[in-house]
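> Please find one structure pasted underneath; my questions will follow.
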Amino acid sequence: MLLTIDVGNTNMVFGLYEGERLRGSFRISTNAERTSDELGMQISQYYHFHGIDRAETRAVIIASVVPPVMYTLINAIRKYLRVQPLVAGRDVDIGIENKYANPREVGADRLVNAVSAVRKYGKPLIIVDIGTATTFDAIDGNGAYQGGAIFPGLKVAMEALFLKASKLPRVDIERPEHAIGKTTVQSMQSGAVRGYVGALTGVITDIQKELGGNARVVATGGMGRMMASYCDLIDEVDPNLTLEGLRLIYENNRQAFAGCHLDGEDEPEGVEWREGK
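Each residue of the sequence shown is one higher than the one before, counting from 8 in this note's numbering.
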């Protein structure tokens, strides 16, 4: 059994695979203050709730954009699952041509998404990951990662508006029926959601032109499905894109995972996390 982990700025998403089948997934908030035992117990509770033996986990692969949590996470996996996790892009090759000016600047999750999306939807592609930040990733007709665009996620933008404008309240993110709001809440909701859809449309349209005009658009991330219902340019919604990409990277690097199970060893001591190779 394979455990895949996508460490994002807001949440860590865990996916448990039996072969190609995603048996289940769960989320834990990303918190650098949590101890390895706290995190290990939370992971263990998920296994217990679903009646899964932790000893069945033979490999763990991680994609992370949050280095401060990695020391805790790696220790938790080693101690509670008895597996040495491998990190995509550091311990195993992600397996996609990266044409960024400085390839090391690209978040691992963006490249992992590209691996999965190309396998499932072909190429060229535009991948829109709508979460804490919204990222746009361009995959050309040869399957190479060209780069993309980044701007603040909708929740981040709305929180900034609440904090910086003293008379504006926190509001739920939903699109009112009418563009002209009749209350402050409706006005904020209309501006936020319609403005965000306009931004999505504008960036997607510009990237489409640079890719030749025929790229499929795939949305993922915590708000991917909601925004896809408002943005007609999005062709597919795939909430498990990163987890599936990690599974594919594992399949392509099985030999690297051969000695990762820690059966028979003493309780693991602390491990060091270093960003980069």
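By construction, the Cβ of each residue, glycine as well, lies at the ideal position given by its N, Cα and C atoms. Keep in mind that this is a model prediction, so the values were computed, not measured.
The alpha helix (DSSP H) spanning Phe169 covers which residue range?
Locating residue 169 in the sequence shown gives position 162, counting from the first residue. For Phe169, the enclosing alpha helix (DSSP H) stretches over residues Leu161 to Lys171.
> Based on DSSP bridge pairs, tell me the residues matched to Asn105.
Here residue 105 corresponds to residue number 98 of the sequence shown, with the count starting at 1. Asn105 pairs with Tyr152.
> Looking only at its own chain, which residues have a Cβ that is under 6 Å from the Cβ of Leu29, when we skip the five neighbours before and after it?
Taking the sequence shown and counting its residues from 1, the one referred to as residue 29 is at position 22. Counting only Cβ-Cβ distances below 6 Å, and skipping sequence neighbours, we find Gly22.
> Could you check if Ala70 is buried or exposed, using at least 16 other CB atoms within 10 Å of its CB as the buried criterion?
Residue numbering aside, residue 70 sits at position 63 when the sequence shown is read from its first letter. It is buried - the Cβ of Ala70 has at least 16 other Cβ atoms within 10 Å.
> Spatial neighbours of Thr191 within its chain, please: CB distance less than 6 Å, with the 5 preceding and 5 following residues excluded, ordered by chain position.
Against the sequence shown, residue 191 aligns to sequence position 184. None.
> Output needed for Tyr54: all residues of its chain with C-beta closer than 6 Å, excluding positions within five of it in sequence on either side, in chain order.
The count along the sequence shown starts at 1 and reaches residue 54 at position 47. Shown here for Tyr54: same chain residues with a beta carbon closer than 6 Å to its own, the five before and five after excluded, namely Arg61 in chain order.
> Over what stretch of residues does the beta strand (DSSP E) that includes Asp13 continue unbroken?
Taking the first residue of the sequence shown as position 1, residue 13 is located at position 6. Start and end: Leu9 to Val14.
> In terms of DSSP beta bridges, what is Tyr24 paired with?
As a first step, residue 24 must be located in the sequence shown, where it is residue number 17. DSSP, once it has assigned bridges, lists Leu9 and Leu29 as partnering Tyr24.
> Have a look at the DSSP bridge pairing and note the partners of Phe56.
Numbered from its first residue, the sequence shown carries residue 56 at position 49. Per DSSP, none; premise fails for Phe56.
> Thinking C-beta only, is Ala151 closer than 8 Å to Glu104?
Within the sequence shown, residue 104 is the residue found at index 97, counting from 1. Within the sequence shown, residue 151 is the residue found at index 144, counting from 1. A contact, by the Cβ cut-off of 8 Å.
> So, is Pro110 buried or exposed, given that buried needs 16 or more other C-beta atoms within 10 angstroms?
What you label residue 110 is simply residue 103 of the sequence shown in a count that begins at 1. So Pro110 ends up on the exposed side.
> Quick one: measure Cβ to Cβ for Thr42 and Thr17, integer angstroms, because I've assumed they're closer than 8 Å.
For this step, residue 42 is matched to residue 35 along the sequence shown. For this step, residue 17 is matched to residue 10 along the sequence shown. That belief does not hold up - the Cβ atoms of Thr42 and Thr17 are roughly 20 Å apart, past 8 Å.
> Less than 8 Å between the beta carbons of Met230 and Ile137, yes or no?
Residue mapping note: residue 230 aligns to position 223 of the sequence shown, counting from 1. Residue mapping note: residue 137 aligns to position 130 of the sequence shown, counting from 1. Less than 8 Å separates the beta-carbon of Met230 from that of Ile137.
> Rounded to the nearest angstrom, how far is the Cβ of Ile133 from that of Gln215, given a contact under 8 Å?
Locating residue 133 in the sequence shown gives position 126, where the first residue counts as 1. Locating residue 215 in the sequence shown gives position 208, where the first residue counts as 1. Contact holds; Cβ gap of about 7 Å.
> Which same chain residues end up closer than 7 Å to Ala66 when comparing Cβ atoms and leaving out the 5 residues on each side of it in sequence?
For this step, residue 66 is matched to residue 59 along the sequence shown. Excluding residues within five positions, the ones whose Cβ falls inside 7 Å are Leu9, Val90, Tyr257, Phe264 and Cys267.
> So, at 7 Å on beta carbons, what are the nonlocal neighbours of His57 in its own chain, with the 5 sequence-adjacent residues on each side left out?
Against the sequence shown, residue 57 aligns to sequence position 50. The beta carbon of His57 sits closer than 7 Å to those of Gly31, all from its chain and outside the five residues before and after it, given in chain order.
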